[in-house]
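So in the working numbering, spot 376 of the sequence shown is number 384, and the numbers just go up one at a time.
Glycine included, each C-beta is placed from N, C-alpha and C at the ideal position.
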Amino acid sequence: MLFPENESQRLEVLLFSKNPNPMWIYNQNNLRFLDVNEAAVIHYGYSREEFLQMRITDIFPPENVSIFREYLGKRHTNLHFSGQWLHRRKDGQIIEVEVVTHTIDYANYNARLVNIRDITEHKRIERTLQEQNEFLRRIFESIPLMIALIDTNGKLQWVNQEWESVLGWKFKDFQTGDVLEALYPNAEYRQDVINFMQSAQHNWADFITQVRDGDLLDTSWTNVKLSNGQIITIGQDITERKRTELALKGQAEREQLMRTVAQRIRQSLNLQDILNATVQEVRDLLGVDRVVVYQFDSEMIGTIMAESVEPGWRVSLGVEIYDTCFQTGKGAEYYQVNKRAIANIYEAGLTDCHIRLLERFEVKANLVVPILLEVGSQNPGSHLWGLLIAHQCSGFREWEKNQLDLLDQVTVQLAIAIQQSSIFEQAQTELVQKQKAQVKLKNALAEKEVLLKEVHHRVKNNLQIVSSLLQLQSQTLKDPEAIKVLRESQNRIESISLIHKNLYTSANIGQIDVADYINNLAASLLISYQIWPERITLETDIDSVNLTVDQAIACGLIINELISNALKHAFPNQQVGRISIALRNINNSIEMTIQDNGIGLPDNLDWKNTDSLGLSLVYDLVTEQLEGNITLERNHGTGFKIKFK
Numbered sequence: 009m010l011f012p013e014n015e016s017q018r019l020e021v022l023l024f025s026k027n028p029n030p031m032w033i034y035n036q037n038n039l040r041f042l043d044v045n046e047a048a049v050i051h052y053g054y055s056r057e058e059f060l061q062m063r064i065t066d067i068f069p070p071e072n073v074s075i076f077r078e079y080l081g082k083r084h085t086n087l088h089f090s091g092q093w094l095h096r097r098k099d100g101q102i103i104e105v106e107v108v109t110h111t112i113d114y115a116n117y118n119a120r121l122v123n124i125r126d127i128t129e130h131k132r133i134e135r136t137l138q139e140q141n142e143f144l145r146r147i148f149e150s151i152p153l154m155i156a157l158i159d160t161n162g163k164l165q166w167v168n169q170e171w172e173s174v175l176g177w178k179f180k181d182f183q184t185g186d187v188l189e190a191l192y193p194n195a196e197y198r199q200d201v202i203n204f205m206q207s208a209q210h211n212w213a214d215f216i217t218q219v220r221d222g223d224l225l226d227t228s229w230t231n232v233k234l235s236n237g238q239i240i241t242i243g244q245d246i247t248e249r250k251r252t253e254l255a256l257k258g259q260a261e262r263e264q265l266m267r268t269v270a271q272r273i274r275q276s277l278n279l280q281d282i283l284n285a286t287v288q289e290v291r292d293l294l295g296v297d298r299v300v301v302y303q304f305d306s307e308m309i310g311t312i313m314a315e316s317v318e319p320g321w322r323v324s325l326g327v328e329i330y331d332t333c334f335q336t337g338k339g340a341e342y343y344q345v346n347k348r349a350i351a352n353i354y355e356a357g358l359t360d361c362h363i364r365l366l367e368r369f370e371v372k373a374n375l376v377v378p379i380l381l382e383v384g385s386q387n388p389g390s391h392l393w394g395l396l397i398a399h400q401c402s403g404f405r406e407w408e409k410n411q412l413d414l415l416d417q418v419t420v421q422l423a424i425a426i427q428q429s430s431i432f433e434q435a436q437t438e439l440v441q442k443q444k445a446q447v448k449l450k451n452a453l454a455e456k457e458v459l460l461k462e463v464h465h466r467v468k469n470n471l472q473i474v475s476s477l478l479q480l481q482s483q484t485l486k487d488p489e490a491i492k493v494l495r496e497s498q499n500r501i502e503s504i505s506l507i508h509k510n511l512y513t514s515a516n517i518g519q520i521d522v523a524d525y526i527n528n529l530a531a532s533l534l535i536s537y538q539i540w541p542e543r544i545t546l547e548t549d550i551d552s553v554n555l556t557v558d559q560a561i562a563c564g565l566i567i568n569e570l571i572s573n574a575l576k577h578a579f580p581n582q583q584v585g586r587i588s589i590a591l592r593n594i595n596n597s598i599e600m601t602i603q604d605n606g607i608g609l610p611d612n613l614d615w616k617n618t619d620s621l622g623l624s625l626v627y628d629l630v631t632e633q634l635e636g637n638i639t640l641e642r643n644h645g646t647g648f649k650i651k652f653k
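Encoded structure:
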């Protein structure tokens with residue numbers, strides 16, 4: 009700087025020359041450097057003489073010069089200003105700096121004093137932190153779990169997108185509100201949630217969470233407590249899992265009830281014993297106040313045949329009931345196999361006489377399923393024998409569909425028991441009345457369908473027992489290959505079992521509903537291999553064909569093996585695909601096609617001579633059992649075309 013004239017100027021010179029930060033002075037008119045300190049020479053790599061030959065714009069990267077000139081044109085030269093810029097050192101390195109400038113009078117020049125602080129490293133660290141934060145943010149956003157940050161006062165600090173998507177709330181909704189109060193309105197329940205969060209245990213707990221629209225979700229949460237006292241809470245929607253668990257539990261309960269009722273039928277021909285056991289089992293399973301079996305006579309006058317009632321409620325067994333509703337035709341709907349789930353008797357559109365009858369026994373809600381008996385092949389149709397009814401007396405009740413289906417399945421068993429008991433009683437009478445042998449024979453022939461259905465039913469039950477034994481055995485095994493073999497055996501047994509089920513549930517004994525059978529079989533396979541319909545679609549095109557029982561079993565086993573192969577091998581790596589089944593009448597033959605659009609069989613595979621039990625079984629069933637032929641098509645997947653008489 010110029011030689012100082014006084015102590016104040018000497019101090020200024022000292023502060024300029026000895027300042028650890030780079031400093032310079034430049035002419036505001038032509039932007040030429042007038043002076044620089046030693047720190048600027050060291051930091052930028054130019055000598056003082058080189059600086060004095062340069063303009064300040066020479067320090068900027070070329071792409072920033074015009075921006076700097078535009079900035080100079082807008083500011084007032086008589087004011088100080090600060091800002092952040094990119095500068096270029098002599099070696100070409102670009103640095104980021106923060107500058108503070110002041111207008112000064114320097115040797116009669118309109119000059120500006122510039123103080124520079126290198127913030128390159130600071131900016132690098134700042135960008136690194138921003139990148140890390142953004143990286144973490146993207147991770148948290150992509151995780152399919154609800155994540156929220158809550159401070160020590162219970163205030164919501166941050167949530168990810170999954171949290172907002174599942175619960176319906178937005179983070180901005182809780183800038184002032186209490187998030188826990190919105191999610192858990194009940195104060196006592198909310199305190200349980202708070203206690204769990206503050207415990208910060210490394211385990212999951214299930215809670216019922218209320219979303220924004222008022223619906224309730226089953227959720228599961230765990231928490232991580234940070235060193236500053238804040239809590240990261242992590243959750244997931246388990247509604248579907250809970251629904252599946254309840255469905256499996258309900259299925260197990262239904263199967264247990266069916267086994268109990270079926271066992272009663274096999275053990276006893278006494279209808280009253282069977283009815284008494286059934287109403288007790290149903291009441292225990294559904295948790296209702298009363299279950300009754302209600303029988304009609306020819307005049308549609310009803311009688312309570314069996315009852316199981318919770319202590320404290322009025323007993324209806326033995327009470328004379330005169331119900332004019334059914335006599336005036338209100339019971340006709342049950343001839344069409346209609347069943348009803350009534351949550352509130354006053355809102356179900358019931359007649360006044362019906363409501364008065366229910367009020368007599370303190371009923372608030374009920375399930376009603378008809379007990380229908382098949383008349384026989386000579387007189388097609390069903391006979392309304394009576395009703396199986398579950399009453400809720402303690403209050404109104406919303407029923408689940410599977411509960412109504414459960415009663416429906418029970419009535420099938422009861423119908424068999426009633427018909428079986430009827431046959432037994434008739435046989436006893438015919439043994440006593442030998443002179444009515446002709447009548448006995450005629451009635452026995454009329455009831456042959458019942459007996460045949462019972463045979464098919466028992467065969468189906470025995471096959472299911474075998475399947476259950478295989479399932480139990482598989483649970484004791486560790487070898488995946490052995491478990492797979494047992495599951496494949498179960499599927500084969502199930503394909504045969506479905507035939508017998510189709511026969512004993514068919515309105516015309518001996519006639520198999522082929523389309524229904526194939527659709528049920530294919531659906532069972534998808535469930536067995538845990539395949540979602542969205543991943544692999546199933547298409548069927550089934551003509552009305554007549555198959556013998558042997559042919560149906562053979563076709564079922566073939567479909568079982570080929571679809572199982574397709575599900576196991578045709579769509580690797582969760583590939584989406586399609587499986588189609590067609591069964592057509594062509595002239596005097598039947599043509600069955602099973603095709604998929606998967607990856608296809610290996611070109612070098614001789615499928616007729618392979619170690620695969622499934623493919624060998626298919627070939628033997630076609631050629632020996634069906635006495636037909638089979639061809640393999642490898643166009644866009646794998647297709648098997650089978651023809652037989």
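Integer Cβ distance of residue i from residue j, believed to fall under 8 Å
i, j, result
"residue 186", "residue 222", "Their Cβ separation, rounded to whole angstroms, is 17 Å, which puts residue 186 and residue 222 out of contact at 8 Å."
"residue 566", "residue 522", "The Cβ separation is near 13 Å, so there is no contact."
"residue 633", "residue 524", "Not confirmed; about 22 Å, so no contact."
"residue 398", "residue 422", "Between residue 422 and residue 398 the Cβ distance is about 14 Å, and since that is not below 8 Å, they are no contact."
"residue 603", "residue 543", "Actually they do not touch by this definition, with Cβ atoms about 17 Å apart."
"residue 574", "residue 606", "6 Å"
"residue 555", "residue 520", "6 Å"
"residue 177", "residue 190", "7 Å"
"residue 279", "residue 425", "6 Å"
"residue 4", "residue 351", "The chain is shown only over 9 to 653; residue 4 falls outside these bounds and no answer can be derived."
Cβ-based neighbour list, residue i, same chain, cut-off 6 Å, excluding 5 preceding and 5 following
i, result
"residue 283", "301, 313 and 314"
"residue 54", "98"
"residue 311", "303"
"residue 584", "543"
"residue 200", "none"
Sub-9 Å separation of residue i and residue j beta-carbons
i, j, result
"residue 419", "residue 371", "no"
"residue 238", "residue 181", "no"
"residue 608", "residue 642", "yes"
"residue 242", "residue 155", "yes"
"residue 380", "residue 392", "yes"
"residue 549", "residue 588", "yes"
"residue 66", "residue 103", "no"
"residue 211", "residue 123", "no"
"residue 78", "residue 91", "no"
"residue 72", "residue 94", "yes"
"residue 175", "residue 219", "yes"
Cutoff 8 Å; reference residue i; Cβ partners in own chain excluding five residues on either side
i, result
"residue 2", "Since the first residue of the chain shown is 9 and the last is 653, residue 2 is not available in this structure."
"residue 213", "204, 228, 229 and 230"
"residue 119", "33, 34, 35, 36, 42, 111, 112 and 113"
"residue 202", "162 and 188"
Residues of its chain near residue i, where Cβ-Cβ distance is below 7 Å and the 5 sequence neighbours each way are ignored
i, result
"residue 629", "562, 565 and 566"
"residue 322", "369 and 370"
"residue 353", "363, 366, 371, 372 and 373"
"residue 41", "32, 34, 59, 60, 62 and 64"
"residue 86", "Residue placement at residue 86 is flagged as unreliable, the pLDDT there being 48, under the threshold of 50; the coordinate-derived value follows with that caveat. Excluding sequence neighbours, residue 86 sits near 111."
"residue 276", "282"
"residue 233", "208 and 239"
"residue 640", "615 and 648"
"residue 485", "491"
"residue 56", "44 and 49"
"residue 46", "25"
is_contact[residue i, chain D] using C-beta, thresh 9 Å
i, result
"residue 608", "Structure shown: chain D not included; a single protein chain is present."
message = Suppose only complete runs of 3+ residues qualify. What are the beta strand (DSSP E) ranges in the region 590-624, listed by chain order?
response = The qualifying runs are 597-604.
4-residue-minimum alpha helix (DSSP H) runs that sit fully inside the region 100-182, ordered along the chain = Fully enclosed alpha helix (DSSP H) runs of 4 or longer: 128-150 and 169-175.
ask   = Unbroken beta strand (DSSP E) runs of length 3 or more, entirely within the region 270-304: which are they?
value = Entirely contained in the region 270-304, the beta strand (DSSP E) runs reaching 3 residues are, in chain order, 298-304.
key: Inside the region 37-68 only - alpha helix (DSSP H) runs reaching at least 4 residues   = The alpha helix (DSSP H) runs lying completely inside the region 37-68 and spanning 4 residues or more are 46-52 and 56-60, given in chain order.
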